[in-house]
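Colleague: The structure under discussion is supplied below as structure tokens; questions concerning it will follow.
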Amino acid sequence: MASFHAPIDAGAARQLGLLLTGSEARELADRLADGDTLTTALRVVAAARRPEARLLLEAVDPGSPARSQLVAVLRAVEGARSTPTALDPLWTMPGHLAQGGPLTSSVTHLVDNARQSVTCSTFNFQRSSGLWTALQQAAQRPEITIRLYLDTAAADQQRKPWSPTTAEVAAHLRSATIMRMKKFDGSRVRNHAKFLAIDHRFLLVTSANFSWSAEYGNVEFGVLVDNRNLTEAVEREMLQAEDLLFEHVPVGPTAG
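Going by the numbering used here, 1187 is the number at position 98 of the sequence shown; the sequence numbering is gapless.
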């Protein structure tokens, strides 16, 4: 006797495609195809989005114990979210010595052209950086969400007039979410991850800190990647580590 499958809820499938990243869709499909329960499979989705994801997944495929229709929909989401990878080198060198690709100083244009989100991570953030102004301007656009990860010791314990504290960064970017490192197993961890993610698609991984010297005077190298799955995976990894490694910086008085 042929098995009966309830029709797929096209509206729920569309919403699911908007909610999940490509890598989340792939991992969900893999786990469900391997026989994991929906509860277990959903662990690959960020905790804040799991309730909505569960409702949509159950709406897409309410009647198939094998979840075959749901796996097929998730594979479609994975395919729709996948994009070819494009790579560009970014250099900083003194004078006009850098010839092979864009310059590190051009990353401000990525922030200026963001449409949805900007996620940054750095060890050192200085007011001399072009990103100091670019991020503030982006933070004033209501459609942009900004998340910034900072090293606590570099900002708050090594006080220098040109380097803002984490509280001053939070005041400067008032609508942004500013995260700083906290102690883990009794000692404070340093944040040496240096990247910039734009619109969950473009990912710049670089040796450069956020400073004038890193953008114009040093020898620095980075790679700009156009790949949504990789960028989403990096952002998700940082989000999953937040509770253990970072703390939220409250917004205080406006900084100069």
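Note that CB positions come from ideal geometry on N, CA and C, so glycine has one too.
#1: Let me check one thing: in DSSP terms, what residues is E1147 bridge-paired to?
#2: If you draw a straight line from the alpha carbon of R1170 to that of A1102, how long is it in whole angstroms?
#3: Taking the alpha helix (DSSP H) that G1367 falls in, what are its first and last residues?
#4: Helix, strand or coil for S1210? Go by DSSP, reduced to three states.
#5: Please list, in chain order, all residues of the same chain as N1280 whose beta carbon is under 7 angstroms from its beta carbon, the five residues on each side excluded.
#6: So T1174 and D1315 are in contact, right, with Cβ under 8 angstroms, and what is the actual spacing, rounded?
#7: Taking just the CA atoms, how far does A1260 sit from S1218?
#8: The beta strand (DSSP E) that contains R1269, what's its start and end?
#9: Let's test the definition: count the other Cβ atoms within 10 Å of the Cβ of W1221 and tell me whether it reaches 16, buried, or not, exposed.
#10: Using DSSP's beta-bridge definition, name the partner residues of D1177.
#11: Might you give, ordered along the chain, the residues of its own chain that have their beta carbon closer than 7 angstroms to the beta carbon of D1098, omitting 5 neighbours on each side?
#12: Give me the Cα-Cα distance between R1132 and K1249, rounded to the nearest whole angstrom.
Modeller: Let me spell this out:
#1: Answer by DSSP bridge pairing: none, since E1147 is not bridged.
#2: Spanning the two alpha carbons is a distance of roughly 14 angstroms.
#3: Look at the range of the chain in this structure, 1090 to 1345, and you will see that residue 1367 is not part of it.
#4: S1210: strand per DSSP, three-state reduction.
#5: Excluding positions up to five away in sequence, the list reads S1210, F1212, Y1238, L1239, D1240, M1270.
#6: In this structure, T1174 and D1315 form a Cβ contact; the two beta carbons are roughly 7 angstroms apart against a cut-off of 8 angstroms.
#7: Rounded to the nearest whole angstrom, the CA to CA distance from S1218 to A1260 is 17 angstroms.
#8: Annotation for R1269: the continuous beta strand (DSSP E) segment containing it runs 1266-1270.
#9: Answer is buried; the Cβ neighbour count reaches 16.
#10: For D1177, which the question treats as bridged, DSSP gives the partners L1313.
#11: Around D1098: A1148, V1149.
#12: C-alpha separation (whole angstroms): 42 angstroms.
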